[in-house]
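Novice:
Protein chains: 2
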Amino acid sequence: MSLPHAILTALLEKPSSGLELTRRFDRSIGYFWSATHQQIYRELGKLESDGLIRALPSEQPARGQKKAYEVLPAGRAELARWTAAGQDPKPQRDALLLRLRAAAVVGTAGLEADLGRHLDLHRRQLAEYEEIERRDFPPGRDGPEDRLRHLVLRAGIDLETFWTRWLAHALAEVAGLSEVTGGTASSDGAGTTPPR
Amino acid sequence: MSLPHAILTALLEKPSSGLELTRRFDRSIGYFWSATHQQIYRELGKLESDGLIRALPSEQPARGQKKAYEVLPAGRAELARWTAAGQDPKPQRDALLLRLRAAAVVGTAGLEADLGRHLDLHRRQLAEYEEIERRDFPPGRDGPEDRLRHLVLRAGIDLETFWTRWLAHALAEVAGLSEVTGGTASSDGAGTTPPR
DNA sequence: AAGCTTTATGCAACTAGTTGCAGAACCGGT
DNA sequence: ACCGGTTCTGCAACTAGTTGCATAAAGCTT
Chain A
0 MSLPHAILTA
10 LLEKPSSGLE
20 LTRRFDRSIG
30 YFWSATHQQI
40 YRELGKLESD
50 GLIRALPSEQ
60 PARGQKKAYE
70 VLPAGRAELA
80 RWTAAGQDPK
90 PQRDALLLRL
100 RAAAVVGTAG
110 LEADLGRHLD
120 LHRRQLAEYE
130 EIERRDFPPG
140 RDGPEDRLRH
150 LVLRAGIDLE
160 TFWTRWLAHA
170 LAEVAGLSEV
180 TGGTASSDGA
190 GTTPPR
Chain E
0 MSLPHAILTA
10 LLEKPSSGLE
20 LTRRFDRSIG
30 YFWSATHQQI
40 YRELGKLESD
50 GLIRALPSEQ
60 PARGQKKAYE
70 VLPAGRAELA
80 RWTAAGQDPK
90 PQRDALLLRL
100 RAAAVVGTAG
110 LEADLGRHLD
120 LHRRQLAEYE
130 EIERRDFPPG
140 RDGPEDRLRH
150 LVLRAGIDLE
160 TFWTRWLAHA
170 LAEVAGLSEV
180 TGGTASSDGA
190 GTTPPR
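First to last, the sequence lines map onto chains A and E.
Counting in numbering that gives the first Met the number 0, the first sequence runs from 0 upward without gaps.
Counting in numbering that gives the first Met the number 0, the second sequence runs from 0 upward without gaps.
(1) Counting contacts by CB-CB distance shorter than 9 Å, is R122 (chain E) in contact with chain A?
(2) Give the interface partners of A154 (chain E) over in chain A, defined as CB-CB distance under 7 Å, in chain order.
(3) Let me know the secondary structure DSSP gives R140 (chain E) once reduced to three states.
(4) Just the Cα atoms here: how many angstroms apart are A79 (chain E) and G109 (chain A)?
(5) Given that a residue counts as buried once 16 or more other Cβ atoms are within 10 Å of its Cβ, and exposed if not, what is T8 (chain A)?
(6) Tell me which residues share the same chain as L170 (chain E) and place their Cβ nearer than 8 Å to its Cβ, disregarding the 5 neighbours each side in the sequence.
(7) I'd like the span of the alpha helix (DSSP H) that includes I39 (chain A), first residue to last.
(8) Verify whether the separation of the beta carbon atoms of A34 (chain E) and L11 (chain E) is less than 9 Å.
(9) Can you tell me where the beta strand (DSSP E) with R133 (chain A) in it begins and where it stops?
(10) On the premise that L176 (chain A) lies in contact with P143 (chain E), defined as a C-beta separation below 8 Å, what is that separation, rounded to the nearest angstrom?
(11) Name the residue from A:D25, A:D135, A:G17, A:A103 whose alpha carbon lies nearest to the alpha carbon of L202 (chain A).
(12) With a 10 Å radius around its C-beta and 16 neighbouring C-beta atoms as the bar for buried, classify G85 (chain A) as buried or exposed.
(13) Got a sec: is the Cβ-Cβ distance from P143 (chain A) to anything in chain E below 9 Å?
(14) Any Cβ of chain E within less than 9 Å of the Cβ of T21 (chain A)?
(15) Please tell me whether P14 (chain E) and Y68 (chain E) are closer than 9 Å, where the distance is taken between their beta carbons.
(16) Per DSSP, which one or two residues make a beta bridge with I52 (chain A)?
(17) For I6 (chain E), collect the residues of the same chain with a Cβ closer than 6 Å to its Cβ; drop the 5 residues on either side in sequence, then sort them by chain order.
(18) Strictly under 9 Å for the Cβ-Cβ distance: is D135 (chain A) near chain E by that measure?
(19) Roughly how many angstroms lie between the CA atoms of L20 (chain E) and K65 (chain E), to the nearest whole one?
(20) Using 8 Å for Cβ pairs, my map puts G74 (chain E) next to I52 (chain E). What's the rounded Cβ distance?
(21) Going by DSSP, name the residue or residues bridged to S27 (chain E).
(22) Residues of the stretch 75–97 of chain E with a CB closer than 8 Å to any CB of chain A: list them in chain order, please.
(23) Ends of the alpha helix (DSSP H) at T107 (chain E)?
(24) 9 Å is my cut-off, CB to CB: does R148 (chain E) come that close to chain A?
(25) Step through the CB atoms of chain E and report whether any lies within less than 9 Å of the CB of Y128 (chain A).
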């Protein structure tokens, strides 16, 4: 139940149309709460009919016509309420870790390439975050809002740093394994599931 | 599309009934791929009708009666296929970071308590992981399967370490902010959304 | 043996997120 | 003025995950 609040936040930062929101989700907000344009349009409709946002009155709002929204007081209040409320963390889901665990049972064949690809992706993301930090948070700018936003960015940077390190380590480990066993570790499951 | 593979992995490690699987998901597998008993029962049915697993023939399988499953060769093959195949990482979703960003706009009121609660949860999880490491990976045990499983556990430990550190830092930062502004930073949105 | 609790399996309905497609305006070039 | 690509909005159908409840057997209690 966070998408509407992600949208409210984005709209408070700057009133936007559906597509503008989509683009901003692809850049900044989407780094920790991604959404497709479909979700966004649907949610905008819902938020409007709930009276939390409204379409800025401009040109006639026809199909294929840009339509910008702004947050109403009720929307700001709802966002404040949600921000203050406690929430339990969502259960984790990480397919890569799961695959590593599966590899312990069925063998590591084919894993290396994908680990490398992930490493590359995380390196890129890290570089992007660092670029943003350089651009948006030069030493000096540190009003309350900046400090909070910087904190969030730091989480992103540190997370990507963690993943690049871990993936590099994992890659070395997996490479070591396939070297020893000649391509696949325990691909017959011996040692874990004894043949019956 | 990872749940069936999580189940196959778990069943290869040890044939189990639905409830046993559920419990094991709550402990080890669920740390990086959680699932409710509902998902598991449904998926077991699907996997069985697809011929990837089968019910161990034992007592008559009536309702309210334990029914254990084991993986068939086709299931092992499917798991190996999936493990080897490359997959794009799922888009990130982190409600806490989102809330911090919202707080930059609507104020930090009420955040501190919840940050503290999250810190506590992550500390507990970290302690649990470290306990598992002590118990299951004493120095010496390092066959191929152990190395891979240990690698996964290390990811968990390092992630939780990261979060506890970051949360402690965030908590200090937020406390500093509310001290300066008297409880809420920029709760009227000034500075970000100039009043029109 | 009658009732209560726990264990185990499962159905049905719902919410959130994804994918594929389509239609209207707008913006160039010819 | 017409055509073709791009922008912008949106519907419909699907997949994955969650919540609430039902039902059957087994074990314990009196």
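Where a beta carbon is used, it is the ideal one built from N, C-alpha and C, also for glycine.
Specialist: From the atom records:
(1) no
(2) L96, W165
(3) coil
(4) 9 Å
(5) buried
(6) E111, L114, G115, L118
(7) 36–48
(8) no
(9) Taken as a continuous stretch (DSSP letters only), R133 (chain A) belongs to no beta strand (DSSP E), being part of the alpha helix (DSSP H) at 110–135.
(10) 5 Å
(11) The first residue shown for chain A is 0 and the last is 195, placing residue 202 (chain A) beyond what the model contains.
(12) exposed
(13) yes
(14) Interface residue (Cβ-Cβ distance to chain E less than 9 Å): T21 (chain A) is not classified as such.
(15) yes
(16) A:V70
(17) E42
(18) no
(19) 12 Å
(20) 5 Å
(21) Note: S27 (chain E) sits in no beta bridge, so no partner.
(22) R75, L78, A79, W81, T82, A83, A84, G85, Q86, P88, K89, P90, Q91, R92, D93, A94, L95, L96, L97
(23) Where T107 (chain E) is concerned, there is no enclosing alpha helix (DSSP H), given that its DSSP letter is neither H nor E.
(24) Yes, R148 (chain E) counts as interfacial toward chain A.
(25) no
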